[in-house]
Amino acid sequence: MSLNVGIVGLPNVGKSTIFQALTSAPAEAANYPFCTIEPNVGIVQVPDERIDKITEFVKPQKVIKAVMEFVDIAGLVKGASKGEGLGNQFLGHIRQVSAIAHVVRCFEDSDVIHVEGKVDPTADIEVINIELAFADLETVDKRLNNLGKVLKSHDKKLKQQAAIAKPVLEKLKVALEDGKPARSVEMDDEERESISDLHLITLKDTVYVCNVDEDSMTEDSDNDHVKAVKALAEKEGSKVIKICGKMESEIAQLETEEEKKEFLADMGLEQSGLDQLIKTGYEMLGLQTYFTAGVQEVRAWTFKKGM
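Count along the sequence shown from 1, add 1, and you get the number used in this note's numbering.
Below, the structure written as structure tokens:
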């Protein structure tokens, strides 16, 4: 399984707009559910001030930055865990990603339809988290049923592994039945390893991406929707960043880095929301960078932490 970040959310929250700006490649964007069925995959460069400084000093013929992969997954709806709204297909796509960027709408606009009829990001998060939790609950229940047979077997190694996994699965079952994500359950390394092959969706590192209007982009201008998402994320141990999809689309049209920096400066911002998303995704995947430098080439190399 390749290391990547899946962009998820309800229909019409701005996922595909953000993905297009990320990759500068047009995904099919439309103001109605399910305009994205097959996931779009994009490779993006990782912004890093260090390689910029190395390049400025060395002045190489070629610069190769680190890259990472984002996957734009179609909007989920209530009932996805039961297969509604192409739910089985969507859940299959989410299981294949390494981490999740969960886009939530935190702006008011009567021209953009909201699938639930009103803007309420914490309710939107709950809809998706419950669907993902129910999908994971089915996986956990199946494993618990199988463990009963293993514990009766004569294979000592399998019985030992099952003995470690059983209490973990029981803790997960309680949380998931309550609609809480698996990542909210405390586990040590041994416990986490014992259920790693289940690839639970709600165990994946998650960042909530608040899609806001331009007035809410600066650090001290959180609107009430963003504040509510941050409060929820803090309880869950998840990250939160803000992006203005509309503004990022405009930035993506600019041709030079200087133009982009001027645009951001005029908005009172040091970096774009997309740069913040890419950096956060890189961290969630546990990736780090080292550099090689010469007059022919300056290159950023990616490696997994601990390797």
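Every residue, glycine too, gets a C-beta built ideally from N, C-alpha and C.
- Take cysteine 245, set aside five residues on each side of it, and the residues of its chain with a beta-carbon closer than 6 Å to its own are Val213, Glu215 and Met218, in chain order.
- Secondary structure of histidine 94 (DSSP, three-state): helix.
- A residue is called buried once 16 or more other Cβ atoms fall within 10 Å of its Cβ, and threonine 203 is buried on that count.
- Isoleucine 74 sits in coil when the DSSP states are folded into three classes, being neither helix nor strand.
- The Cβ atoms of glycine 238 and valine 98 lie no closer than 9 Å to each other.
- Per DSSP, reduced to three states, the secondary structure at glutamate 220 is coil, with no helix or strand assignment.
- One alpha carbon belongs to phenylalanine 135, the other to glutamine 162, and they sit about 25 Å apart.
- The beta carbons of alanine 229 and serine 195 sit no closer together than 9 Å.
- In the structure shown, valine 227 adopts helical secondary structure according to DSSP, grouped into three states.
- In the three-state DSSP reduction, isoleucine 244 falls in the strand class (E or B).
- In the three-state scheme derived from DSSP, where H, G and I count as helix and E and B as strand, phenylalanine 108 is classed as coil.
- Around the Cβ of alanine 124, a 10 Å sphere holds fewer than 16 other Cβ atoms; the residue is exposed.
- Per DSSP, glycine 274 is one residue of the alpha helix (DSSP H) stretching across 274-285.
- Taking 9 Å as the cut-off, the beta carbon of valine 45 is found closer than this to the beta carbon of isoleucine 279.
- Spatial neighbours of phenylalanine 292 in its own chain (CB-CB distance under 8 Å, excluding positions within 5 residues in sequence) are listed in chain order as Arg51, Ile52, Ile55, Val299, Arg300, Ala301 and Trp302.
- Counting along the chain, the unbroken alpha helix (DSSP H) around glutamine 162 starts and ends at 157-178.
- The C-beta distance from glutamate 109 to valine 120 rounds to 6 Å, short enough to fall under 8 Å.
- For isoleucine 196, the secondary structure class from DSSP, reduced to helix, strand or coil, is coil.
- For glycine 10, the closest C-alpha among the options Asn224, Val210, Lys247 and Glu57 is that of Val210.
- When the beta-carbon positions are compared, lysine 172 and valine 186 come within less than 9 Å of each other.
- Rounded to the nearest angstrom, the gap between the Cα atoms of valine 47 and aspartate 156 is 47 Å.
- Under the criterion of beta carbons closer than 8 Å, leucine 159 and valine 151 qualify as touching, at roughly 5 Å.
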